[in-house]
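Those protein sequences? They're chains G and E, same order as listed. The numbers in the first sequence follow this note's numbering, run straight up by one, and end at 154. The numbers in the second sequence follow this note's numbering, run straight up by one, and end at 760. Positions of the beta carbon are idealized from the N, C-alpha and C atoms, including for glycine. Given the structure is predicted, the values throughout are model-derived calculations rather than measurements.
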Amino acid sequence: MSKPVYDRTHHAKMATGVGDPQCFSGKAGDAKFKVGDRVRVRDLPDIFYTRTMTYARGLEGTVVELVYESPPAENEAWDNTEVSEWFYSVVFSQHDIWPAYSVGYPNDTLETEFSERWLEAV
Amino acid sequence: MSDHDHDHKPAPVVDEVSDFEILEVAVRELAIEKGLFTMDDHRTWTEYIHTLGPTPAARLVAKAWLDPEYKKLCIEDGVTASREVDIDWVTSPPTQFGTPSDYCNLRVLADTPTLKHVVVCTLCSCYPRPILGQSPEWYRTPNYRRRLVRWPRQVLSEFGLQVPEDVEVRVADSNQKTRYIVMPNRPEGTDGWTEDQLTEIVTRDCLIGVAVPKPGVTSNVKLPVMKAANPVPH
């Protein structure tokens with residue numbers, strides 16, 4: 033039996049002249065959330081690789097931008113680029129993230145991104 | 527033949543190689559062996575990345591201060607706006623798909639009188655290299671990464687920046703494919719300045735968000751270096 037041959041440069045070929053995440057544009061279909069939606073970050077199990085921070089899990093925040101379409105990092109880390117998802121920029125109140133956040137700054141916020149699978153409607 | 531040959535071995539180039547440097551060399555050699563890229567590619571990319579610096583981003587901000595239409599474009603589409611300052615995120619790097627370590631999505635975070643942005647990457651050290659060059663050493667330290675998200679005001683004050691209480695501090699955690707630069711507010715005392723003059727005061731620190739531009743200040747914050755009271759012997 034011969035060893036299977038993988039083209040490990042296919043990702044670079046896809047992005048050449050186009051850019052990444054631009055090369056996944058139009059591949060995610062309809063977005064589930066829109067700007068202004070309240071969302072909760074799911075606490076999904078992750079195996080070996082994720083880009084969803086521990087501090088963000090279970091938090092409620094507001095979608096401020098639909099940023100791009102891309103395979104989620106958890107798949108892409110294993111060279112799986114078959115399925116793309118919408119990515120959202122979400123803003124949280126600092127007081128929701130850190131119970132011990134300095135008193136007196138109720139407006140302070142943190143903004144970061146999640147792929148669609150990590151978010152659920154509130 | 528001298529008996530003392532062993533005394534004349536060339537001195538090592540560096541005293542100490544970190545685990546991460548060993549890991550980088552190992553991964554790089556494997557990648558070359560597998561044919562993902564060649565040694566020449568690696569050299570070309572490394573040399574390219576050392577030609578980059580923060581000036582294009584500073585010019586982008588200065589242009590936006592002078593041209594409200596361009597400012598709108600910066601906020602809507604940072605990658606397109608970058609072309610005005612001769613940075614093509616996609617096709618100008620030697621790889622033709624962005625820098626080897628960076629994605630091609632730039633967001634310009636515009637400060638307002640009631641909102642101050644500051645950028646961090648808690649997961650690693652994502653940084654908008656094509657438009658800002660190599661990140662400063664402190665940006666990559668666990669100290670900055672883990673403290674900025676929790677205590678942004680305290681960390682900013684260590685950089686000499688006291689943010690008023692009525693101004694919202696927004697930390698942008700660059701955890702996926704977006705890279706951020708901060709567009710600070712145009713400071714007082716710069717009326718009638720040219721684009722070149724304005725570019726000079728938008729330092730790298732202003733673009734990360736740990737400083738704000740001031741007339742007359744054209745260099746980054748000098749962080750005090752504290753000598754360890756009880757240094758660890760090496």
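Stretch-stretch touch, CB-based, cutoff 8 Å, three pairs: the segment 95-107 of chain G with the segment 539-556 of chain E: no
Neighbouring residues, chain E, relative to G/A134 (Cβ below 7 Å): Taking the first residue of the first sequence as 1, we reach residue 134 of chain G at position 102. Checking the sequence shown, residue 134 of chain G turns out to be Ser, not Ala. Under the 7 Å cutoff, chain E gives R679.
Contact check, E/L556 vs G/R40, beta carbons under 8 Å: Along the second sequence, read from residue 1 onward, the residue named residue 556 of chain E stands at position 30. Along the first sequence, read from residue 1 onward, the residue named residue 40 of chain G stands at position 8. Not closer than 8 Å, so no.
Residues of the segment 701-728 of chain E whose Cβ lies closer than 7 Å to any Cβ of chain G, in chain order: N701, Q702, K703, T704
Strand pairing of E/I707, partner residues [DSSP]: Numbered from its first residue, the second sequence carries residue 707 of chain E at position 181. Bridge partners of E/I707: E/V634.
Spatial distance of E/I575 from E/I657 (CA atoms): Reading the second sequence from its first residue, position 49 is the one you call residue 575 of chain E. Reading the second sequence from its first residue, position 131 is the one you call residue 657 of chain E. Spanning the two alpha carbons is a distance of roughly 11 Å.
Spatial distance of E/P757 from E/L592 (CA atoms): In the second sequence, residue 757 of chain E corresponds to position 231, counting from 1. In the second sequence, residue 592 of chain E corresponds to position 66, counting from 1. Straight-line Cα distance between these residues: approximately 50 Å.
Contacting residues, own chain, Cβ-Cβ under 8 Å from E/L635 (five flanking each side not counted): Taking the second sequence and counting its residues from 1, one reaches residue 635 of chain E at position 109. So the list reads H643, V645, R696, A698, Y706, I707, V708, M709, G735, once near-sequence residues are dropped.
DSSP state of E/P581 mapped onto helix, strand, coil: Within the second sequence, the letter at position 55 stands for residue 581 of chain E. Reading the sequence as shown, one finds Thr at residue 581 of chain E and not Pro. Correct three-state label for E/T581: helix.
Nearest candidate by alpha-carbon position, reference G/W110, set G/F124, G/P77, G/L91, G/T82: Numbered from 1 along the first sequence, position 78 holds the residue referred to as residue 110 of chain G. The residue with the shortest Cα to Cα distance from G/W110 is G/T82.
Interface flag, E/V751 vs chain A, CB-CB below 8 Å: Absent here is chain A; the protein component of the structure consists of chains G and E.
Opposing strand residues paired with E/H568 [DSSP bridges]: Taking the first residue of the second sequence as 1, we reach residue 568 of chain E at position 42. Note: E/H568 sits in no beta bridge, so no partner.
Cβ distance (whole Å) where E/R730 is taken to contact E/P580 below 8 Å: Taking the first residue of the second sequence as position 1, residue 730 of chain E is located at position 204. Taking the first residue of the second sequence as position 1, residue 580 of chain E is located at position 54. Right, their Cβ atoms sit about 4 Å apart.
N- and C-terminal bounds of the beta strand (DSSP E) containing G/T144: The count along the first sequence starts at 1 and reaches residue 144 of chain G at position 112. Unbroken beta strand (DSSP E) run through G/T144: 141-147.
Through-space distance from E/I601 to G/L151, alpha-carbon basis: Indexing the first sequence from 1 puts residue 151 of chain G at position 119. Indexing the second sequence from 1 puts residue 601 of chain E at position 75. Distance between the alpha carbons of G/L151 and E/I601 is about 25 Å.
Residue ranges of each beta strand (DSSP E) within the segment 643-714 of chain E, 3 or longer: 694-699, 704-709
Buried or exposed (CB count within 10 angstroms, at least 16 for buried), G/F56: The count along the first sequence starts at 1 and reaches residue 56 of chain G at position 24. Buried.
As assigned by DSSP and simplified to three states, the class of E/L586: Working through the second sequence from its first residue, we reach residue 586 of chain E at position 60. Under the three-state reduction of DSSP output, E/L586 falls in the helix class.
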